[in-house]
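Take the position in the sequence shown, starting the count at 1, then add 17; the result is the number in our numbering. Notes for the one structure printed next.
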Amino acid sequence: LACLVERFVAENDTDSIPEPEKTNDGALKDLDIEGSIDYGPAATGLAGKDFGGMYAVKPLAVIRPAGADDVARVIRYVLQSPTLTVAARGNGHSINGQAMAHNGLIIDMKSMGDNNRIDVNVTSMYADVGGGALWADVLKRCVSDYGLAPKSWTDYLDLTVGGTLSNAGVSGQAFRYGPQTSTVTELEVVTGNGEKTVCSNSQNSELFFSVLGGLGQFGIITRARVLLQPAPDMVRWIRVVYSEFDEFTRDAELLVMSQESFNYVEGFVFVNSSNPVNGWPSVPLDSNQSFDPTHLPKSAGPVLYCLEVALHYSNHDKPSTVNTVVEKLLGKLKFIENLRFEIDLNYMNFLLRVKHVEQAARATGIWDAPHPWLNMFVSKRDMSAFNRIVFQNILKDGVNGPILTYPLLHSKWDNRSSVVLPQGEIFYLVALLRFSHPHPKEFEIKQMVAQNQKIIQTCNDNGFDFKLYLPHYKSTVEWKKHFEDQWGRFVERKSKFDPKAILAPGQNLFTRNH
Ligand code: FAD
């Protein structure tokens, strides 16, 4: 794997990025900040890696800012250098080096200390949260101390507020509230011009919408105002199984389009086999439940589909009332009888459900191994063909991890943000969350990457309307194609808020200029 990393690095040391001036330890000593600067191999090594585990790009130094003013000082310093670049690093959970900066400065947003605090305003139902705060900490503070919670989440919460807002932030609540970018009303941003600015829908709105889904290209989010709502006490978490893709999508779309629905709607594809990771055993929610394949119809194909829903309720609700609501909602659906699994758990444990997966994966070593993940949004128009060609064919043996797919609604996203989506009201998230062995061979990772590329190629060849989510491209030509008619707006925003292109070079979007 070492060779793999070396080669990936070599491939990605794009010649278009000019070599920064050669500097030694302490070279930034005229950078006057309240926080600290770390040149040590431990810090720079860590900041040169990410969850994807396929890229290693060493920065010059890691900055631990004391707050937003330090972030502004760093940016102004970088602006004065002819070649330096700077990237905010949230929790480094990108896949393809998006938070890295070759010989540049990495601002470790999690280290903003007291500036990552979570201030809740109960009357106005919002929380002011530091850009480097983890969503898991936002959850704990809001629920435990105030009985309130943000509306829209990601599945996994050890991600920073600034990191997910720079992409979108989606999970099973997004069909109702939109992505996380639709649930913030104000941001404090340090732009690529070195200016600390508060922006919102009505104040500096161009900056506000640029930064949301802006891939870190326009500024560094140092604070976000996140809308809250009363948190439920409990959640009933349910999984139901389908053998037919059109029935699965019909039901999923019915739920996301209805006024009366569950509070959370997701879904995933799994393999019609006894494989413990990819197959039937991946469906039950509790160790005392088991998947009985004799309930499957003879017509079932190589893959099956699971609709995953959740209903919030309060400790005061009578069990019979909760059951009535659940049965009424499930009554509209056509899943396979007897392939239904459910558990009740408290709200925090539901939202922290992937943390438990992480703990198990850490114990076996697969959490720290490479993750060649692929995320995309595919138009509803093309999902039936996508199912036939990709799910039932290319992915018929699974990806050694979850294959998520669930519908989202275009109208819940703000077109003024920097995110680009497929056409039409309904589109699907498709997430291939691949895991490997603790010590995968180089060719195994290469095969996974190649399969991702094959899927993208297949979508292009078939003229599917899709966009990569958490996109990764190596050239401006590819980015231009990604943004299509929004490219002009994106470039204009760049020239306004980061004209020297110093920010987030790991996205390979723009080249640092003087
Ligand atoms: P980083 O990887 O550190 O940074 C991402 C990009 O944002 C970089 O370009 C960086 O420079 C920039 N950036 C970071 N902080 C800031 C800031 N404060 N201001 C401006 N730019 C900044 N996504 C979903 O939508 N839904 C999910 O359910 C979901 N689940 C995930 C589960 C796991 C286990 C993992 C690894 C990822 C998941 N993601 C999910 C993807 C995740 O949202 C993105 O990878 C996100 O960027 C990670 O946040 P981070 O804080 O680690 O950001």
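Cβ atoms here follow ideal geometry from the backbone N, Cα and C, with glycine treated the same way.
Member of the options whose CA lies at the smallest distance from the CA of residue i
i	options	result
L302	G230, A327, S278 and A317	A327
S128	Y94, E261, D136 and G109	G109
V137	G52, I353 and R240	R240
R81	A64, Q234 and M465	A64
F287	P488, S260 and W430	S260
I420	Y330, Y281, L271 and L391	L391
E277	L245, F285 and K345	K345
M71	G523, P387 and S434	P387
G382	F68, L324 and H454	H454
P293	G284, F285, I411 and F308	F308
E264	N133, N295 and N404	N404
L412	L174, N295 and V88	N295
S275	D67, Y486, A467 and P424	P424
T140	L245, I50, V74 and E459	L245
E495	W170, N525 and R510	N525
A15	I406, W297, N366 and H119	Because the chain here runs from 18 to 531, residue 15 falls outside it and cannot be looked at.
G233	A467, S435 and R506	S435
Q220	E205, F444 and P167	E205
L446	P167, Y486, V374 and E461	Y486
S428	S169, A191 and V155	A191
Y490	I112, D55, A59 and V88	I112
I135	A116, I50, R158 and Q409	R158
Which of helix, strand or coil DSSP assigns to residue i
i	result
G147	strand
T31	Any reading at T31 is ruled out, since the residue's pLDDT is 37, under 50, leaving its predicted position unreliable.
K517	coil
T177	strand
G62	helix
T40	Confidence at T40 is low in this model, with a pLDDT of 47, below 50, so its placement is unreliable and no value can be given for it.
T202	strand
A83	coil
L232	coil
M71	coil
Q276	coil
R24	With a pLDDT of only 37 at R24, under the threshold of 50, the placement of this residue in the model should not be trusted; the figure read from the coordinates follows. The answer is helix: DSSP assigns R24 an H, G or I state.
R134	coil
D125	strand
K484	strand
Q246	strand
W297	helix
G284	strand
W170	coil
M465	helix
S53	strand
K511	helix
I112	coil
Under 7 Å between C-beta atoms of residue i and residue j
i	j	result
D145	R242	yes
A104	A521	yes
T177	G107	yes
P76	T100	no
V95	D125	no
V258	L272	no
S183	D172	no
V83	G52	The identity of residue 83 in the sequence shown is Ala, whereas the question assumes Val. Cβ distance < 7 Å, so A83 and G52 count as in contact.
C323	F285	yes
N280	H329	yes
T102	A118	yes
I123	V207	no
G164	A248	yes
Quick test of the definition: if touching needs 3 or more C-beta pairs under 8 Å, does the segment 315 to 327 touch the segment 221 to 233?
no
Within the chosen definition, does the segment 499 to 513 reach the segment 412 to 419 through at least 3 CB pairs nearer than 8 Å?
no
Using 8 Å as the cut-off, can you tell me whether the segment 208 to 223 makes contact with the segment 144 to 161, which would need three or more C-beta pairs spanning the two stretches below that distance?
no
contact_flag[the segment 424 to 442, the segment 389 to 397] where n(CB pairs < 8 Å) is 3 or more
yes
Evaluate contact between the segment 245 to 254 and the segment 362 to 374, counting only Cβ atoms and requiring at least three cross-stretch pairs below 8 Å.
yes
Restricting to runs no shorter than 4 residues, where is the alpha helix (DSSP H) found entirely within the segment 330 to 377?
336 to 348 and 364 to 368
Give a yes or no on contact between the segment 470 to 477 and the segment 368 to 385, applying the rule of three or more CB pairs nearer than 8 Å.
no
Within the segment 381 to 408, note down every full beta strand (DSSP E) run reaching 3 residues or more, in order along the chain.
391 to 396
Write down every uninterrupted run of the beta strand (DSSP E) in the segment 421 to 458 whose length is 3 residues or greater and which is fully enclosed by it, in chain order.
443 to 449
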